[in-house]
Amino acid sequence: MEQYIMKGGNPLVGEVYISGAKNAALGILAASIMTDEDVVIDNLPDVRDINVLLEAIAEIGASVERIDRHTVKINASGIKEVSVDDEFIRKIRASYYFIGALLGKYKSAEVPLPGGCNIGSRPIDQHLKGFRALGAKVEIVKGSVVAHAIDLVGSHIYLDVVSVGATINIMMAAALAEGQTILENVAKEPHVVDVANFLNSMGANIKGAGTDVIRIRGVSRLHGTEYSVIPDQIEAGTFMCAAAATRGDVMVRNVIPKHLEAISAKLAEIGCEVIEFDDAVRVVGKPRQRSTNIKTLPYPGFPTDMQPQMAVTLALAEGTSMVTESIFENRFKYVDELARMGGNIKVEGNVAVIDGVPGFTGAQVEAPDLRAGAALVIAGLAAEGYTVVDEIGYIQRGYESFEEKLQSLGAMIEKVDSDREARKFQLRVG
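Under numbering that gives the first Met the number 0, the residue at position 333 of the sequence shown is numbered 332, and the numbers go up by one with no gaps.
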């Protein structure tokens with residue numbers, strides 16, 4: 000069973016290069032099957048979710064050629080199957096993007112209901128509402144979404160809740176529908192904009208991505224393209240919090256600073272030095288950092304995917320902080336794990352009240368999901384003594400070369416899969 004073992008207490012210092020955005024890449028890869036021509040995508044992160052999705056694309060008949068670790072060429076002209084295999088899909092939530100892509104291109108799709116991290120209920124009713132508004136008949140049969148349409152026709156669709164997944168899914172289907180679709184109350188996240196830009200590079204006509212209203216004029220076909228995925232704002236934010244929590248000094252490179260403004264603002268509020276460059280952000284942690292309050296909100300608000308990492312940082316700040324989670328109801332499962340390390344956090348409903356402590360002590364903890372797992376690694380790097388994080392498969396779903404990047408910043412961390420390897424690590428680092 001793979002785990003991370005680390006010896007904390009070292010400030011992280013140096014520079015780190017951020018990989019492509021997992022959440023953007025998942026939507027872009029699904030959309031790549033909407034043309035019969037070659038599509039080349041680069042700056043793909045080499046993480047488990049991406050590799051599972053590529054396997055699923057190959058499984059339905061598309062040709063998938065890995066040009067290098069971060070570049071793939073896809074040709075979907077060989078797709079004969081609009082039914083996606085269960086085996087891949089239960090592993091990742093973003094599998095539902097196949098519904099919009101297949102429905103748009105083939106007017107038919109059969110996709111099992113998705114899996115992913117268990118951080119609360121993430122219904123897909125808004126996705127289905129959108130597909131039905133475009134003229135598809137949609138049913139859930141034996142755990143799969145089955146959608147068919149004779150023709151997709153543009154429509155005016157208002158989302159009841161802001162949903163990244165629904166925005167991207169409906170946008171894909173509408174790109175090949177007849178006439179105009181107006182999507183209101185949509186998600187404005189950077190990865191929504193990236194998927195829209197990708198579809199436009201294939202010949203789609205999508206305007207307004209990144210605002211509240213997206214207008215899509217359907218086209219009859221899409222063509223091949225070459226496209227580079229945006230940098231991952233959540234990976235960047237994770238390293239920014241790691242710099243703050245360990246009182247380090249890290250230059251986070253290959254980022255779009257505008258995407259990080261909510262995170263930068265909070266780190267500056269607690270007393271860190273945050274310096275923005277054209278494509279980098281430098282975070283300098285300070286010996287004394289203060290409390291603040293955070294509420295997770297859709298972009299451009301503070302991202303829910305950064306809530307656990309920021310909570311760990313605040314757990315080492317002076318004073319009392321409050322973190323309100325307004326997106327997912329099950330996102331505080333790391334709190335019990337952090338308590339083993341000396342964290343003082345009380346959860347009441349969707350609010351965590353954090354009383355800062357002077358330091359953590361190492362312990363054996365378990366990653367409950369992807370972002371909470373990364374947060375527990377940050378806690379271990381800031382703690383005194385040894386910390387072991389179990390269930391790191393979650394972390395590997397979304398962070399490329401996580402331990403190698405941390406090692407390059409001076410972290411004493413290693414991936415091990417036996418007690419013997421763990422003991423060897425302890426003997427080596429002393």
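The C-beta atom is built at its ideal place from N, Cα and C for all residues, glycine as well.
As the structure is a computational prediction, the values presented were derived from the model and not from experiment.
- In this chain, the alpha helix (DSSP H) harbouring R422 covers D418 to V428.
- Residues of the same chain with a CB within less than 6 angstroms of the CB of A242, apart from the 5 flanking positions on each side, are L11, V249, V282 and G284 in chain order.
- Measuring C-alpha to C-alpha distances from A29 to each of K6, I169 and D124 identifies I169 as the nearest.
- Scanning its chain for C-beta atoms nearer than 7 angstroms, with the 5 sequence neighbours on each side dropped, one finds around V160 the residues Q125, in chain order.
- Rounded to whole angstroms, the Cβ separation of Q288 and I262 is 15 angstroms, and the two are not in contact under 8 angstroms.
- If you ignore the 5 residues before and after G77, its C-beta comes within less than 8 angstroms of the C-beta of G60, A61 and S62, all in its own chain and listed in chain order.
- Put simply, the stretch 142 to 155 touches the stretch 87 to 106. At least three CB pairs are less than 8 angstroms apart.
- Across the set V356, S154, L380 and G372, the C-alpha of G372 shows the shortest separation from the C-alpha of G392.
- According to DSSP, residue pairing for L182 in a beta bridge involves I156 and I213.
- Across the set K72, G19, T295 and I91, the C-alpha of I91 shows the shortest separation from the C-alpha of V51.
- Following the DSSP letters along the chain, one finds R131 inside the alpha helix (DSSP H) bounded by residues D124 to A132.
- Only residues of its own chain outside the window of five on either side were considered, and among them K294, T295, L296 and N349 have a CB closer than 7 angstroms to the CB of S325, listed in chain order.
- Under the rule that a run must span 4 or more residues, the alpha helix (DSSP H) segments found entirely inside the stretch 375 to 402 read 392 to 395.
- Taking a C-beta distance under 7 angstroms as the contact criterion, I156 and G129 qualify as a contact pair.
- In the three-state reduction of the DSSP assignment, R220 falls in the coil class, being assigned neither a helical nor a strand state.
- Here Q308 is not near A381, since their CB atoms are 7 angstroms or more apart.
- The alpha-carbon separation between D41 and E64 amounts to approximately 12 angstroms.
- If you draw a straight line from the Cα of N199 to the Cα of K332, it is about 39 angstroms long.
- Shown here, F238 sits in a helix according to DSSP, grouped into three states.
- As summarised for the stretch 43 to 82, the continuous beta strand (DSSP E) elements at least 3 residues long and confined to that stretch are 62 to 67 and 70 to 74, given in chain order.
- At a Cβ-Cβ threshold of 7 angstroms, G103 and L175 count as neighbours.
- Inclusion of I181 and A195 in the CB contact set at 7 angstroms is not warranted, their separation being larger than that value.
- The DSSP assignment places 2 to 6, 12 to 16 and 37 to 41 as complete runs of the beta strand (DSSP E) inside the stretch 2 to 47, in order along the chain (cut-off: 3 residues).
- An exposed status is given to S417, since fewer than 16 other beta-carbon atoms sit within 10 Å of its beta-carbon.
- Exclusion of the five residues before and after V415 leaves Q2, I4, A421 and F424 as the residues of its chain whose Cβ lies within less than 7 angstroms of its Cβ.
- Under the DSSP definition of a beta bridge, S107 partners with H147.
- Judged by pairs of C-beta atoms under 8 angstroms, the stretch 336 to 344 touches the stretch 311 to 321, as three or more such pairs exist.
- Comparing alpha-carbon positions, the option among A362, A100, T166 and R89 lying closest to L112 turns out to be R89.
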